[in-house]
Amino acid sequence: MNDITLTPSAAARVAAIAARQAKPAILRLSVEGGGCSGFQYRFGLADAAASDDVVAETAGVALIVDPVSLDLVRGASVDFVESLGGAAFKVDNPNAAAGCGCGSSFAV
């Protein structure tokens, strides 16, 4: 089983954002305490992976996750979805026991 995956849709979006900002196509996913369900996802462009990061690549775009966050998102998939409510990165996390309506926080 892959530790974490980045869908082609999410990879294309990261590549477009990185190109606009003249940064490497590296998306960092981290998990922090907070949000309405206990933990929340944080996304940001990174300049490079740390030596202990887990790296997943799709179409030349890297998704990096630190070891502490990986324990909470192992087996997850990061997608980019567009709907009437807007467009956002979405984490399909098999470890989440509960989530919230906004989709950006979860409980284990």
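For the sequence shown, full-length UniProt numbering assigns the number 1 to the initial residue and increments by one for each residue that follows.
We treat Cβ as the ideally placed atom computed from N, Cα and C, and that holds for glycine.
Note that the coordinates shown come from a computational prediction; the quantities given were computed from them, not determined experimentally.
1. Less than 8 Å separating the beta-carbons of Val55 and Ala48?
2. Considering only the beta carbon of each residue, do Asn93 and Val73 sit closer than 8 Å?
3. Buried or exposed: Ser69, going by 16 or more other Cβ atoms within 10 Å of its Cβ?
4. What's the gap between the Cα of Gly85 and the Cα of Asp53?
5. Can you give the Cα-Cα distance for Lys90 and Val81, rounded to whole angstroms?
6. What residue from Pro8, Gly75, Ala76 and Ala15 has the CA that sits closest to Gly44's CA?
7. Under a Cβ-count criterion, where at least 16 other Cβ atoms within 10 Å of its own Cβ denotes burial, should Ala10 be classed as buried or exposed?
8. I'd like the list of long-range same chain contacts for Lys23, defined as Cβ closer than 6 Å, with 5 residues on each side in sequence excluded.
So, from the data block:
1. To locate residue 55, count along the sequence shown from 1; it is residue 55. To locate residue 48, count along the sequence shown from 1; it is residue 48. The answer is no: Cβ separation not under 8 Å.
2. Residue mapping note: residue 93 aligns to position 93 of the sequence shown, counting from 1. Residue mapping note: residue 73 aligns to position 73 of the sequence shown, counting from 1. Contact flag set, yes.
3. Against the sequence shown, residue 69 aligns to sequence position 69. Answer is buried; the Cβ neighbour count reaches 16.
4. Residue 85 sits at position 85 when you count from the first residue of the sequence shown. Residue 53 sits at position 53 when you count from the first residue of the sequence shown. Gly85 and Asp53: Cα-Cα distance of roughly 32 Å.
5. Numbered from 1 along the sequence shown, position 90 holds the residue referred to as residue 90. Numbered from 1 along the sequence shown, position 81 holds the residue referred to as residue 81. Taking the straight line from one Cα to the other gives about 7 Å.
6. Within the sequence shown, residue 44 is the residue found at index 44, counting from 1. Among Pro8, Gly75, Ala76 and Ala15, the Cα nearest to that of Gly44 belongs to Ala15.
7. Here residue 10 refers to the residue found at position 10 when the sequence shown is read from its first residue. Classification for Ala10: buried.
8. Locating residue 23 in the sequence shown gives position 23, where the first residue counts as 1. Result list for Lys23: Leu45, in chain order.
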